[in-house]
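Novice: Next up is a structure, given as structure tokens.
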Amino acid sequence: MVASDPPDNSSSLTQTPVLDVFPERLELSEDVSRLRRRRTARLIKVSWMGISVRLFVIVMEFTGLWFLGHSVLLVDALASSADVLTSFAILFAIRLAERPPDDDHPFGHGRYEPLAGFQLGLLILVVGAGTFAYQLFAAISHAQSEIIGWVSWMIPLFAAILLEITCRVVLKMAKQEKSSAMIAEAYHYRVDAITSLVAAFGLVIASQISEYGHLIDHLTAMILAVIMIYLGWIAARENLNELTDKIPHQNYFDQVKLSALKVEGVLDVEKVRIQAAGPDAHVDIDIEVNPNETVAEAHLMAQRVRHQIQLDWPNVREVVVHVEPYYEADH
17 MVASDPPDNS SSLTQTPVLD VFPERLELSE DVSRLRRRRT ARLIKVSWMG
67 ISVRLFVIVM EFTGLWFLGH SVLLVDALAS SADVLTSFAI LFAIRLAERP
117 PDDDHPFGHG RYEPLAGFQL GLLILVVGAG TFAYQLFAAI SHAQSEIIGW
167 VSWMIPLFAA ILLEITCRVV LKMAKQEKSS AMIAEAYHYR VDAITSLVAA
217 FGLVIASQIS EYGHLIDHLT AMILAVIMIY LGWIAARENL NELTDKIPHQ
267 NYFDQVKLSA LKVEGVLDVE KVRIQAAGPD AHVDIDIEVN PNETVAEAHL
317 MAQRVRHQIQ LDWPNVREVV VHVEPYYEAD H
């Protein structure tokens, strides 16, 4: 008996076509880059506006200090002077954060913004603590009567109004552009507005009780210092959360999931992880697709998911897409 050759089953197997060329990467449109450049330009513009307001307040309060005296005006003017310096630091951080990824910083430079915001918060806290100690010593050591007129409290009141308006303008822009450092800067303007308002209130009281005017002046300055300490801590904590990768707001997760589900062939989203820092965000997402899809089809689908997420959220620098099989019984 002659041994027969084994049956040839190759013809019965379905041959999966092999791509001759690796699929080209889906590049983002120029609109995304344009939106990032616009973000930087808008933040810088509103920063310069705030600096101009602060410079005007400084001149106004130092002029009042020259003619009227009062510790409250001195504290307010010195705090505003320090704020101008920190505003320049924020501008520098925004410029640095906009730089694209490089070999040493593959995830970009976005953390420069929350780093600057964190340092700004610490500065407010330290200045507040030092101011409180100085005013406490002055209140104990130099008790005397003081006559305070209406011009004295009108200066910080007008400054408070200007600074609160600036705070609202900057805060609106910062939230639109998702800048944690600029949000901290906006609340910094509110710190200044509140301290100026408290200064005006204290001087009003001091003007009515002239025999204790000097003491009330120092006590009011101490209250300003406590406010600075508290709000400085809040600003530092918020930026520290970004630096330590605290989970961002749920809205971002919902947005990323919705973007992925827009892509044809994506049946579900299993997991989303997001890192956000300044102008940059990085997304890690698990999508579920038909288990019968080929590797090439799954790869193209992953590219489309990345592309869609970055189109819907231009702040996203990088998207890592993991493809998982979808089984109805698991849902």
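The numbering of the sequence shown is the numbering used here, which starts it at 17 and goes up by one.
C-beta atoms are modelled at their ideal positions from N, C-alpha and C, and glycine is treated no differently.
Per DSSP, which residues does Gln291 bridge with? Please list them.
Specialist: Counted from its first residue, the sequence shown places residue 291 at position 275. Its beta-bridge partners are His298.
Novice: Quick one: give me the first and last residue of the beta strand (DSSP E) that Val337 is part of.
Specialist: Here residue 337 is taken as the residue at index 321 of the sequence shown, counted from 1. Start and end: 332–341.
Novice: Is the Cβ-Cβ distance between Thr211 and Asp302 less than 8 Å?
Specialist: Position 195 of the sequence shown, counted from the first residue, corresponds to residue 211. Position 286 of the sequence shown, counted from the first residue, corresponds to residue 302. No; because the gap between Cβ atoms is not below 8 Å, this pair is not in contact.
Novice: If contact is defined by three or more beta carbon pairs under 8 Å, each pair taking one atom from either stretch, is the segment 131–140 in contact with the segment 169–180?
Specialist: They do not touch, by the three-pair rule.
Novice: Ordered along the chain, which non-local residues of its own chain (more than five positions away) have a Cβ less than 7 Å from that of Ala314?
Specialist: Here residue 314 is taken as the residue at index 298 of the sequence shown, counted from 1. Taken in chain order, the residues that qualify are Val305, Val339.
Novice: Suppose only complete runs of 4+ residues qualify. What are the alpha helix (DSSP H) ranges in the segment 192–247, listed by chain order?
Specialist: With a minimum length of 4 residues, the continuous alpha helix (DSSP H) runs that stay inside the segment 192–247 are 196–224.
Novice: Cutting at 7 Å between CB atoms, please list the residues of its own chain near Phe83, excluding the five before and the five after it.
Specialist: Walking along the sequence shown from the start, residue 83 turns up at place 67. Result list for Phe83: empty, nothing under 7 Å.
Novice: Exposed or buried, which one is Leu274 when buried takes at least 16 other CB atoms within 10 Å?
Specialist: Walking along the sequence shown from the start, residue 274 turns up at place 258. Looking at its Cβ environment, which holds fewer than 16 other Cβ atoms inside 10 Å, Leu274 is exposed.
Novice: Where DSSP assigns a beta bridge to Ile303, which residues make up the other side?
Specialist: Looking up residue 303 in the sequence shown gives position 287. Ile303 is bridged to Val285, Val339.
Novice: Quick check on Lys3: does DSSP put it in helix, strand or coil?
Specialist: Nothing in the structure corresponds to residue 3, since the chain is present only between 17 and 347.
Novice: Should the segment 235–242 be called in touch with the segment 281–290, which here means at least 3 C-beta pairs below 8 Å?
Specialist: Counting Cβ pairs under 8 Å, fewer than three are found: no touch.
Novice: Rounded to a whole number of angstroms, what is the C-alpha to C-alpha distance between Ala132 and Ile60?
Specialist: Position 116 of the sequence shown, counting from 1, holds the residue named residue 132. Position 44 of the sequence shown, counting from 1, holds the residue named residue 60. Computed Cα separation, rounded: 15 Å.
Novice: Where does Thr260 sit, in a helix, a strand or coil, going by DSSP?
Specialist: Position 244 of the sequence shown, counted from the first residue, corresponds to residue 260. Coil, per DSSP.
Novice: Report the three-state DSSP secondary structure of Pro116 (helix, strand or coil).
Specialist: Within the sequence shown, numbered from 1, the residue matching residue 116 stands at position 100. If DSSP states are grouped into helix, strand and coil, Pro116 belongs with coil.
Novice: For Asn308, does the three-state DSSP call read helix, strand or coil?
Specialist: Taking the first residue of the sequence shown as 1, we reach residue 308 at position 292. Correct three-state label for Asn308: coil.
Novice: May I ask you to report which of helix, strand or coil DSSP gives Arg127?
Specialist: In the sequence shown, counting from the first residue as 1, residue 127 sits at position 111. Here Arg127 sits in coil by DSSP.
Novice: Is Val339 near the ligand ADP - that is, is its Cβ less than 7 Å away from at least one heavy atom of it?
Specialist: You won't find the ligand ADP in this model; it holds no ligand whatsoever.
Novice: Alpha carbon to alpha carbon, what distance is there between Gly146 and Ile74?
Specialist: Taking the sequence shown and counting its residues from 1, one reaches residue 74 at position 58. Taking the sequence shown and counting its residues from 1, one reaches residue 146 at position 130. Each residue's Cα considered, the two are about 20 Å apart.
Novice: Is it buried or exposed for Ala149, if we count other Cβ within 10 angstroms and need 16 for buried?
Specialist: For the purposes of this step, residue 149 is taken as residue 133 along the sequence shown, with counting starting at 1. Label assigned to Ala149: exposed.
Novice: Look at the alpha carbon of Asn331 and the alpha carbon of Ala176, and state the distance between them as a whole number of angstroms.
Specialist: Position 315 of the sequence shown, counting from 1, holds the residue named residue 331. Position 160 of the sequence shown, counting from 1, holds the residue named residue 176. Cα-Cα distance, rounded: 34 Å.
Novice: According to DSSP, is Lys273 part of a helix, a strand, or is it coil?
Specialist: By one-based count along the sequence shown, residue 273 stands at place 257. The answer is helix: DSSP assigns Lys273 an H, G or I state.
Novice: Look at the alpha carbon of Glu344 and the alpha carbon of Arg289, and state the distance between them as a whole number of angstroms.
Specialist: The sequence position of residue 344 within the sequence shown is 328, counting from 1. The sequence position of residue 289 within the sequence shown is 273, counting from 1. Cα to Cα, Glu344 sits roughly 23 Å from Arg289.
Novice: Suppose you measure from the CA of Ala95 to the CA of Leu107; what does that come to, to the nearest Å?
Specialist: Here residue 95 refers to the residue found at position 79 when the sequence shown is read from its first residue. Here residue 107 refers to the residue found at position 91 when the sequence shown is read from its first residue. Going from the Cα of Ala95 to the Cα of Leu107 covers about 19 Å.
Novice: Tell me which residues share the same chain as Ile250 and place their Cβ nearer than 8 Å to its Cβ, disregarding the 5 neighbours each side in the sequence.
Specialist: Here residue 250 refers to the residue found at position 234 when the sequence shown is read from its first residue. These residues qualify, in order along the chain: Gly137, Tyr203.
Novice: For Phe6 and Ala222, I'd like the C-alpha separation in whole angstroms.
Specialist: Absent from the structure is residue 6, since the part of the chain shown begins at 17 and ends at 347.
Novice: Taking only the alpha-carbon atoms, compute the straight-line gap between Pro359 and Gln324 and give it to the nearest angstrom.
Specialist: An answer regarding residue 359 cannot be provided, because it is not within the stretch 17 to 347 covered by the chain.
Novice: Can you tell me whether DSSP reads Glu280 as helix, strand or coil?
Specialist: As a working note, residue 280 is residue 264 in the sequence shown. Here Glu280 sits in coil by DSSP.
Novice: Sort Ala155, Ser103, Arg115, Ile156 by Cα distance to Phe2 and report the nearest one.
Specialist: In the structure as shown, the chain starts at 17 and stops at 347, and residue 2 therefore has no counterpart that could be examined.
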